[in-house]
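Student: Attaching a single structure in structure tokens format; questions to follow.
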Amino acid sequence: MNSLTACERLDIIRHKNRPTVRDYIPMLFDDFFEMHGDRLYGDDGAIIGGVGYFKGKPVTVIATVKGRNLEENKASNFGMPHPEGYRKALRLAKQAEKFHRPVICLVDTAGAFCGIEAEERGQGEAIAKNLMEFSSLKTPVITIILGEGGSGGALALAVCDELAMLENALYSVISPRGCASILWKDASREREACEVLKITAEDLSRLGICDGIIEEAPGGAHNDPELTAEYISEYISGAIKRKCEKGLDELLNERYTKFRKVGEFSEN
Amino acid sequence: MLEDLFSVVKMRFNGDKKENSNEGGKPSIPKGLMFKCPRCSNVVFMEEFEKTGKVCPNCNYHARLSSRERLDITVDKGSFVEYDPLMTSKNPIDFEGYPEKQADLRAKTGLKDAVITGEATIRGEKVVIGIMDSRYMMASMGSVVGEKITRAFEQAEKKKLPVIMFTCSGGARMQEGTVSLMQMAKTCAAAKRYSDSGGLYITVMTDPTTGGVTASFASVGDIIIAEPKVLIGFAGRRVIEGTIKQRLPDDFQSAEFLLQHGFIDMIVERSKIRRTIAHLIKLHKG
Ligand SMILES: [Zn+2]
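Below, the structure written as structure tokens:
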């Protein structure tokens, strides 16, 4: 695995040929059936969800979608979900629970969309509800951050039993750009902020947040999407095996503890 | 884009600044003696203003309260026993200037971080209560806020007590990086366990409740109350205005806006919150 700085990784995940979930889903899953809608308001193109086979076993797949071109990006709102996207995700997760399928979440988003309609339809409530419900979902949940893990918009699909990141993926509470504009009143210093925030897979492993780092093809996933998909597939195999052999109580207690233990404070 | 959870909340009313300005050579209002309402410019004696819980008698403007002030007008006198009074944050991502900033704020406010939690009674009803304080880094949620809120739910579950959370926040605490983001998941998981145990959770949203706190424990109460006209939202106003390139209406993200869109149960004036909470607790005892 390479040892790049956070902003070198930022360049890699912003590469125009960076594979998206639309590339990965056919490589990872067989007979994928996409499901639509939250049954409340609409169908959000920024989140794709459905069922398929992973190495012969049924799984539920939920993913944020970035487009590969302008047209796709318009349909998927550049990968930034509205509340109905998070509600669709929860509906499909509940369905997975009912039919005892593991949930695989693939995350690549700048964050939840910030707009009038998103507020009107309760963006905060939709995310909060997912955090709450995923914390006790009675089936294994594996989340992989493929590129950008943008704040609460990513976390809404990342309350899971195992969180893995592609080696160049970044997972942050705020965009480096946003951080720079708050810290130095200068958004152009995002590269500095990128280092300050400690958002690489290595940083987050050290902080006890990331459970696994998945290798990418040499130089980045864009150089060989198939090879990268193989690495992802291997990881998912192992994670499903590790989680499916646990009893439900053990699984849920460990999920609770995974988040419960994060935080650094002193008491005297 | 990603700025969503760290929404910078602009003070809607620049009250404190105007209070001391000496406009047009008129005699200035001595600081501390009088209160000039930032919304309607009405001037009242500070003593009277404080007696009403810092609500303007003319236009019903609800000024922000410190956590101590909130505690005083909410719980029975002398009933509060604080949890984890000494808990302070470390510097998980070695963020430059963070320890100094905190030391400075601790000295200024007497607070250890942005929330106080504990047990108290409200009109005789025993509760676990949490009160956030916007003077401390805009009540952003880092390790301490996350841990104290989580422990409050865990204690309440053990002791079978209702939980009352007075929320206000600018969002997640950027200075703690992704660790602060995890506090959202941690508090929601604790709220879920508490809820599954049958506990009653009432949120009181106060000015401003935004970002990562809106997108976590603040929004999952069984009952959500808000004070009149407070700011409640996920994304910061300026972030949205930047995205859509137009000015938002004044009442956007107000308590009234949320009530209309179905995200809160009721708007309750400050003077009636204590009574309302006590009634609701009684009602849930059956
Ligand atoms: Zn007034």
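Line by line, the protein sequences are chains A and B. Numbering-wise (our numbering), the first sequence opens with residue 43 and increments by one. Numbering-wise (our numbering), the second sequence opens with residue 21 and increments by one. Ideal Cβ placement from N, Cα and C applies to all residues, glycine included. Keep in mind it's a predicted model, so treat the numbers as computed, not measured.
What residues in the stretch 171-193 of chain A have a beta carbon less than 9 Å from any beta carbon of chain B?
Tutor: K171, N172, L173, M174, E175, F176, S177, S178, E190, G191, G192 and S193
Student: Quick check on this structure: which residue in A/P182, A/E257, A/N59 and A/M122 has the alpha carbon closest to the alpha carbon of A/I146?
Tutor: Translated into positions along the first sequence, residue 146 of chain A becomes position 104. For A/I146, the nearest C-alpha among the options comes from A/P182.
Student: Excluding the five sequence neighbours on either side, which residues of its own chain have a C-beta within less than 8 Å of the C-beta of B/L131, listed in chain order?
Tutor: The residue you call residue 131 of chain B lines up with position 111 of the second sequence. So the list reads S87, L125, D153, R155 and Y156, once near-sequence residues are dropped.
Student: State the DSSP-derived secondary structure class of B/A192, mapped to helix, strand or coil.
Tutor: Taking the second sequence and counting its residues from 1, the one referred to as residue 192 of chain B is at position 172. Note: B/A192 maps to strand in three-state DSSP.
Student: Looking at the structure shown, is B/H82 part of a helix, part of a strand, or coil, going by DSSP?
Tutor: The residue labelled residue 82 of chain B in the question sits at position 62 within the second sequence. Three-state DSSP puts B/H82 in a strand.
Student: Establish whether the CB of B/H281 and some CB of chain A are separated by less than 7 Å.
Tutor: Taking the second sequence and counting its residues from 1, the one referred to as residue 281 of chain B is at position 261. So yes, B/H281 belongs to the interface.
Student: Would you say the stretch 249-263 of chain A touches the stretch 204-215 of chain A, given that touching needs at least three Cβ pairs under 8 Å?
Tutor: yes
Student: Would you verify that the beta carbon of B/I113 is, or is not, closer than 7 Å to some beta carbon of chain A?
Tutor: The sequence position of residue 113 of chain B within the second sequence is 93, counting from 1. So, interface residue.
Student: Cα-Cα, which of B/I252, B/V259, B/M286 and B/K265 is closest to B/F272?
Tutor: Taking the second sequence and counting its residues from 1, the one referred to as residue 272 of chain B is at position 252. For B/F272, the nearest C-alpha among the options comes from B/I252.
Student: So, for A/D228: in the same chain, excluding its five sequence neighbours on each side, which residues have a beta-carbon less than 7 Å away from its beta-carbon?
Tutor: Within the first sequence, residue 228 of chain A is the residue found at index 186, counting from 1. Once the five neighbours on either side are set aside, the close Cβ partners of A/D228 are A222.
Student: Determine which residues of the stretch 131-149 of chain A have a Cβ less than 8 Å from any Cβ of chain B, and write them out in chain order.
Tutor: Those would be none; no residue qualifies.
Student: Does the pairing of the stretch 262-280 of chain B with the stretch 198-206 of chain B give three or more beta-carbon distances under 8 Å?
Tutor: no
Student: Applying the criterion that 16 or more other CB atoms from any shown protein chain within 10 Å of the CB defines a buried residue, is B/L106 buried or exposed?
Tutor: The residue you call residue 106 of chain B lines up with position 86 of the second sequence. Classification for B/L106: exposed.
Student: How about A/F301: is its C-beta nearer than 7 Å to some C-beta of chain B?
Tutor: The sequence position of residue 301 of chain A within the first sequence is 259, counting from 1. It does; some Cβ of chain B falls within 7 Å.
Student: Can you give me the C-alpha to C-alpha distance between A/S193 and A/G153, rounded to a whole angstrom?
Tutor: Within the first sequence, the letter at position 151 stands for residue 193 of chain A. Within the first sequence, the letter at position 111 stands for residue 153 of chain A. C-alpha separation (whole angstroms): 6 Å.
Student: With a CB to CB cut of under 7 Å and the five nearest residues on each side skipped, what residues in its chain are close to A/I90?
Tutor: For the purposes of this step, residue 90 of chain A is taken as residue 48 along the first sequence, with counting starting at 1. Here the set comprises V63, E76, A105 and V107.
Student: Under the criterion of a Cβ to heavy atom distance below 6 Å, does B/R59 qualify as lining ligand 1?
Tutor: Start at 1 with the first residue of the second sequence, and residue 59 of chain B comes out as number 39. Indeed, a heavy atom of ligand 1 lies less than 6 Å from the Cβ.
Student: In whole angstroms, what separates the C-alpha of A/H142 from that of A/L52?
Tutor: Counted from its first residue, the first sequence places residue 142 of chain A at position 100. Counted from its first residue, the first sequence places residue 52 of chain A at position 10. The alpha-carbon atoms of A/H142 and A/L52 are separated by roughly 37 Å.
Student: Residues in the stretch 282-295 of chain B with C-beta within 7 Å of chain A's C-beta atoms, listed in sequence order?
Tutor: From the stretch 282-295 of chain B, only F283 have a Cβ closer than 7 Å to chain A.
Student: For A/L212, which residues in the same chain have their Cβ closer than 7 Å to its Cβ, ignoring the five residues on either side in sequence?
Tutor: As a working mapping, residue 212 of chain A is identified with position 170 in the first sequence. Excluding sequence neighbours, A/L212 sits near A48, R51, L52, I55, E190, G191, I241 and T242.
Student: Can a CB atom of chain B be found closer than 7 Å to the CB of A/F75?
Tutor: By 1-based counting over the first sequence, the position of residue 75 of chain A is 33. Residue-level contact check: A/F75 does not touch chain B, since none of the beta carbons of chain B fall below 7 Å from its beta carbon.
Student: In or out: A/E296 buried (at least 16 other Cβ within 10 Å) or exposed?
Tutor: Looking up residue 296 of chain A in the first sequence gives position 254. Exposed: under 16 other Cβ atoms inside 10 Å.
Student: Should the stretch 222-232 of chain B be called in touch with the stretch 242-262 of chain B, which here means at least 3 C-beta pairs below 8 Å?
Tutor: Contact between the stretch 222-232 of chain B and the stretch 242-262 of chain B is present, with at least three C-beta pairs closer than 8 Å.
Student: Rounding to the nearest angstrom, what Cα-Cα distance links A/F155 and B/S200 in this structure?
Tutor: Counted from its first residue, the first sequence places residue 155 of chain A at position 113. Counted from its first residue, the second sequence places residue 200 of chain B at position 180. For A/F155 and B/S200, the distance between alpha carbons rounds to 20 Å.
Student: Hey, B/K168 and B/D92 are a contact pair by Cβ (cut 8 Å); roughly how many whole angstroms apart?
Tutor: As a first step, residue 168 of chain B is located in the second sequence; it is residue number 148 there, counting from the start. As a first step, residue 92 of chain B is located in the second sequence; it is residue number 72 there, counting from the start. About 20 Å separates the two Cβ atoms, so there is no contact after all.
Student: Would you say B/C208 lies against chain A (beta-carbon separation less than 7 Å)?
Tutor: Sequence index remark: in the second sequence, residue 208 of chain B carries index 188 (1-based). Judged by the 7 Å Cβ criterion, B/C208 is in contact with chain A.
Student: Once the 5 residues before and after B/A298 are set aside, which same chain residues still bring their CB inside 6 Å of it?
Tutor: Taking the first residue of the second sequence as 1, we reach residue 298 of chain B at position 278. So the list reads I142, R143 and E145, once near-sequence residues are dropped.
Student: Could you list which residues in chain A have their beta carbon closer than 8 Å to that of B/K110, in chain order?
Tutor: Mapped onto the second sequence, residue 110 of chain B falls at position 90. By Cβ distance, chain A contributes E306, F307 and S308.
Student: Is the CB of A/Y83 under 7 Å away from at least one CB in chain B?
Tutor: Here residue 83 of chain A refers to the residue found at position 41 of the first sequence. Taking Cβ atoms only, chain B never reaches closer than 7 Å to A/Y83, which makes this a no.
Student: For B/E289, does the count of other Cβ atoms within 10 angstroms reach 16, so buried, or fall short, so exposed?
Tutor: The residue given as residue 289 of chain B occupies position 269 in the second sequence. So B/E289 counts as exposed.
Student: Closer than 6 Å by C-beta to B/E43: which residues in its own chain qualify, once you throw out the five before and the five after it? Chain order, please.
Tutor: As a working note, residue 43 of chain B is residue 23 in the second sequence. Its pLDDT being 42, under 50, B/E43 is placed unreliably by the model, and the measurement read from it follows with that caveat. Closer than 6 Å at Cβ, skipping near neighbours: no residue.
Student: Leaving out five residues before and five after B/G45 in sequence, what residues of the same chain have Cβ atoms less than 6 Å from its Cβ?
Tutor: In the second sequence, counting from the first residue as 1, residue 45 of chain B sits at position 25. The pLDDT assigned to B/G45 is 45, lower than 50, so where the model puts this residue is not dependable; a value taken from the coordinates is nonetheless given after this. Cβ-Cβ distances below 6 Å link B/G45 to nothing in the same chain once the five nearest sequence neighbours on each side are left out.
Student: Taking the continuous alpha helix (DSSP H) assigned at A/I216, which residues delimit it?
Tutor: If you number the first sequence from 1, residue 216 of chain A lands on position 174. Counting along the chain, A/I216 sits inside no alpha helix (DSSP H), nor does DSSP assign it H or E at all.
Student: Is there contact between the stretch 167-182 of chain B and the stretch 284-296 of chain A, where contact requires at least three CB pairs shorter than 8 Å?
Tutor: no
Student: Taking Cβ-Cβ distances shorter than 8 Å, what residues in chain A pair up with B/Q273?
Tutor: Counted from its first residue, the second sequence places residue 273 of chain B at position 253. Under the 8 Å cutoff, chain A gives E161.
Student: Three-state secondary structure (DSSP) at B/M31?
Tutor: Along the second sequence, one-based indexing puts residue 31 of chain B at 11. Its pLDDT being 41, under 50, B/M31 is placed unreliably by the model, and nothing is read from it.
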